[in-house]
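Take a look at the structure set out below.
The structure is reproduced here in structure tokens:
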């Protein structure tokens, strides 16, 4: 518990104190005090003398009142610390308060600084000292506090009588300072940023060193600019605060002069410094003078020996693989012994005059930047050298360029383009080639440019439909690229290639397929030669992008033979023959893969009568001749091992023998087998020959898409094996595939894969 005790028999407040009752002579007792005062207290003269054996703390919210005539002895090192609280020491002229060293009690002469002093800090409440004599301590210190002193005598103290900071107030009258180390109020070099009152009469305020500024002091935060060579001038930018009214900039070294060239309000500006040839080397401080006072910055600039200057370079860029390049350098102090260094390696140097030299930069093999500087003899160092600041020489990648940005190639064909270098190859140079889609376009892995060449032929080979990006690259070269499009004629097919259906029952189906996946949708419209025999579930189907086939559902209605035709503007026409039989199970021809063909009418067809026996997976053929149903009801040929069976309902079937043959097609009617040429360039008038069989009845020719194509005439050959088509291709015709459609009075003529396709190229 905090306590304070006075002499026995007299009631006093309690403080955190160490108490001793001492008897001086017979009638006098002391009040020993130390520690923190926890509540307001009063020291009365009649309760003294007071002996402070250690520090006494007056905290925030507490006021210590000292009445007139009080005597206070300070033990060695003891202090009174007013930390947020306040002291009211109110002596009078007739009855002053005395604070002195304990040693004086025994008649000794105390030494200066025997006790620690009175300290006022961090207080918002005003403390006041009236008629107080303070002796032989370390003076009074005021920090972030306010103190009023009237008729206060400060004597024999170590250091200054009073010390005060820039955030405190100190005022009063009738004061004196005697026999102190410094009979003054010591003020530090600082900025007074708030409102304070300084007005002590009798003791002077002293700023012993530095600058005391009312408000923020002017300052220089930075100086930017080059190192300064002897005998040269340079401009520097400076930044700071409170620099309004800037009057001068002064370098703190001999042989240097400075002048202000521009001012940026109160935050900075520019100045120029000139150095004499004998200016001292090394860092130099500067001092500025403005309305707010002086500001100083150490190491603001650096003085170095004169070493020459490099100011220009032409050209300032070279290219990988360009070869040796002549570069002209501009500057000063060039002489016969000047040498150019490229990344610190000497290169051939030719003196033009004192401000120009010509150097040879060797061939570069990689991109980046090179430091180019000039070495001169150093006048300040015997046998030494001075080097200019470097200039950066950029090394750029050499350009690779394809002659064509876009190439259109027919599938299975090749096309060439030219690859060029910006400069002839200095030595044999290998450039890498890649295809983003080798399944579409293949290219060689590399192309070699022999020394001295800058153009090579590159062959592109189309191996599949689609697009591919062809790239040429190598370290130190820009990447060249072109877009290659491979056009694959689009066609349609059905599977199986023929059907035998029963009458009625569940829906059957065949598959309608494209030759390859497309990015556009393709819709096929269906037509049935005899709708009384077969019905389709839908009149059309669509193969959407990304798909290649769809199923087509159908049902047999009546016995007989018919054809289903599927037509698409781009994929062309495909037909499937369909035979509907009440004897479906006995025929078993629906199990033949993939073709079953019924040929009505005519004479018996033997093996030697089958024409156009070109590649086909396997065949099942049902041959019917007038009158044969009674004599020989059916002839069935099964392939690749062909069996011809002859029989009647009574006798049954009997094998005539095994016929071994290659897979075959059986063609009945007209067909397109090929055309020539297969590609044409824009802007031509041309003749196209379409080959096939039974083409003498052609009475209609069209092309799709028709943009840029004008058909001017056509002529079927008398033998029915070809048709000549005359047409023109516009100069702006759309590139890509075109489909020619030929028809007879009985319908559109089917075509083998690609036999109706023409490629329009640039």
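Residue numbers (the working numbering): 2 to 763. Every residue, glycine too, gets a C-beta built ideally from N, C-alpha and C.
Residue 460 vs residue 417 beta-carbon contact at 8 Å
As a position in the chain shown, residue 460 is number 459, starting the count at 1. As a position in the chain shown, residue 417 is number 416, starting the count at 1. Yes. Within cutoff.
What does the Cβ neighbour count give for residue 150, buried or exposed, with the cut at 16 atoms within 10 Å?
In the chain shown, the residue the question calls residue 150 occupies position 149. By the 10 Å Cβ count, residue 150 comes out buried.
If the criterion is Cβ atoms closer than 8 Å, does the pair residue 221 and residue 247 meet it?
Within the chain shown, numbered from 1, the residue matching residue 221 stands at position 220. Within the chain shown, numbered from 1, the residue matching residue 247 stands at position 246. No.
Do you know offhand how far residue 325's Cα is from residue 473's?
Reading the chain shown from its first residue, position 324 is the one you call residue 325. Reading the chain shown from its first residue, position 472 is the one you call residue 473. Distance between the alpha carbons of residue 325 and residue 473 is about 25 Å.
Which residue comes first and which comes last in the beta strand (DSSP E) that contains residue 273?
Counting from one through the chain shown, the residue named residue 273 turns up at place 272. Note, residue 273: beta strand (DSSP E), 269–276.
Nearest-angstrom beta carbon gap, residue 486 and residue 468 [assumed within contact, 8 Å]
As a position in the chain shown, residue 468 is number 467, starting the count at 1. As a position in the chain shown, residue 486 is number 485, starting the count at 1. Their Cβ separation, rounded to whole angstroms, is 5 Å, which keeps residue 468 and residue 486 in contact under 8 Å.
For a quick check, are the C-beta atoms of residue 766 and residue 321 less than 8 Å apart?
What is shown of the chain runs 2 to 763, which leaves residue 766 out entirely.
So, is residue 308 buried or exposed, given that buried needs 16 or more other C-beta atoms within 10 angstroms?
On the chain shown, position 307 is the one that residue 308 refers to. Counting Cβ neighbours within 10 Å, residue 308 comes out buried, since at least 16 surround it.
Residue 399 to residue 453, Cα distance in whole Å?
Locating residue 399 in the chain shown gives position 398, counting from the first residue. Locating residue 453 in the chain shown gives position 452, counting from the first residue. Spanning the two alpha carbons is a distance of roughly 15 Å.
Determine, using beta carbons only, whether residue 401 and residue 286 come nearer to each other than 8 Å.
Against the chain shown, residue 401 aligns to sequence position 400. Against the chain shown, residue 286 aligns to sequence position 285. Contact flag unset, no.
Looking only at its chain, what residues have a beta carbon closer than 6 Å to the beta carbon of residue 759, apart from the 5 residues adjacent to it on each side?
Residue numbering aside, residue 759 sits at position 758 when the chain shown is read from its first letter. Hits under 6 Å: 739.
Return helix, strand or coil for residue 307, following the three-state DSSP convention.
The residue you call residue 307 lines up with position 306 of the chain shown. DSSP places residue 307 in coil when its eight states are reduced to three.
Through-space distance from residue 524 to residue 509, alpha-carbon basis:
Position 508 of the chain shown, counted from the start, is the residue given in the question as residue 509. Position 523 of the chain shown, counted from the start, is the residue given in the question as residue 524. Answer to the nearest angstrom: the Cα atoms are 21 Å apart.
Cβ-Cβ distance between residue 92 and residue 133 below 8 Å
Reading the chain shown from its first residue, position 91 is the one you call residue 92. Reading the chain shown from its first residue, position 132 is the one you call residue 133. Yes, they are a contact pair.
Residue 279 - partner residues in DSSP beta bridges
Residue mapping note: residue 279 aligns to position 278 of the chain shown, counting from 1. Paired residues: none, contrary to the question.
Taking residue 199 as part of the beta strand (DSSP E), name the residues at either end of that continuous run.
As a working note, residue 199 is residue 198 in the chain shown. Residues 199–201.
Can you find the residues in the same chain that come closer than 6 Å, C-beta to C-beta, to residue 635, ignoring five residues on each side of it along the sequence?
Position 634 of the chain shown, counted from the start, is the residue given in the question as residue 635. At residue 635, the pLDDT of 39 sits below 50, so the modelled position is not reliable and the matter cannot be decided from this model.
Residue 495 beta carbon less than 8 Å from that of residue 410:
Taking the first residue of the chain shown as position 1, residue 410 is located at position 409. Taking the first residue of the chain shown as position 1, residue 495 is located at position 494. In this structure, residue 495 does not lie closer than 8 Å to residue 410 by Cβ.
Coil, strand or helix - residue 737 by DSSP
If you number the chain shown from 1, residue 737 lands on position 736. Residue state, collapsed to three classes: strand.
Whole beta strand (DSSP E) elements within the region 558–588, 3-residue minimum:
561–569 and 573–581
Given 8 Å as the limit, is there contact between the region 364–378 and the region 726–739, that is, 3 or more CB pairs closer than that?
no
Check whether the region 69–87 touches the region 119–133, taking contact to mean three or more Cβ pairs, one atom from each stretch, closer than 8 Å.
yes
In the structure shown, what three-state DSSP assignment does residue 192 receive?
Within the chain shown, numbered from 1, the residue matching residue 192 stands at position 191. If DSSP states are grouped into helix, strand and coil, residue 192 belongs with the strands.
Determine whether the Cβ of residue 232 lies closer than 8 Å to any Cβ atom of chain D.
The displayed structure is made up of one protein chain only, and chain D is not part of it.
Can we say the region 497–512 touches the region 419–435, given the rule of at least three CB pairs closer than 8 Å?
In short, these stretches do not touch, since the Cβ pair count stays below three.
Start-end ranges of the beta strand (DSSP E) lying completely within the region 434–518, minimum 3 residues
447–450, 456–463, 467–474, 481–488, 493–496, 500–502 and 509–515
Rounded Cβ spacing between residue 215 and residue 193 (contact assumed at less than 8 Å):
Working through the chain shown from its first residue, we reach residue 215 at position 214. Working through the chain shown from its first residue, we reach residue 193 at position 192. Contact flag correct, Cβ pair sits at about 5 Å.
What residue from 335, 681 and 55 has the CA that sits closest to residue 710's CA?
Taking the first residue of the chain shown as position 1, residue 710 is located at position 709. Closest option to residue 710, Cα to Cα, is 681.
Helix, strand or coil at residue 103 according to DSSP, with G and I counted as helix
Position 102 of the chain shown, counting from 1, holds the residue named residue 103. Here residue 103 sits in helix by DSSP.
How would you write the range of the beta strand (DSSP E) that residue 419 sits in, first residue to last?
Taking the first residue of the chain shown as position 1, residue 419 is located at position 418. Element bounds for residue 419: 415–422.
Do residue 476 and residue 346 have their CB atoms nearer than 8 Å?
What you label residue 476 is simply residue 475 of the chain shown in a count that begins at 1. What you label residue 346 is simply residue 345 of the chain shown in a count that begins at 1. Against a cut-off of 8 Å, the Cβ pair of residue 346 and residue 476 comes out as no contact.
Our contact map puts residue 183 next to residue 161 with C-beta atoms below 8 Å; I'd like the distance itself, whole angstroms only.
Numbered from its first residue, the chain shown carries residue 183 at position 182. Numbered from its first residue, the chain shown carries residue 161 at position 160. Beta-carbon to beta-carbon, residue 183 and residue 161 are separated by about 4 Å, close enough to satisfy the 8 Å threshold.
Counting only runs of 3+ residues fully inside the region 47–81, write out the beta strand (DSSP E) ranges in chain order.
51–60, 64–67 and 72–75
Enumerate in chain order the residues of its own chain whose CB-to-CB distance from residue 752 is below 6 Å, with the five nearest sequence positions on each side excluded.
Here the question's residue 752 lines up with position 751 in the chain shown. Only 673 meet the Cβ criterion.
With 16 as the cutoff for other CB atoms within 10 Å, does residue 260 come out buried or exposed?
The count along the chain shown starts at 1 and reaches residue 260 at position 259. Answer is exposed; the Cβ neighbour count stays below 16.
With DSSP as the reference, identify every bridge partner of residue 753, one or two as the case may be.
As a first step, residue 753 is located in the chain shown; it is residue number 752 there, counting from the start. Answer by DSSP bridge pairing: none, since residue 753 is not bridged.
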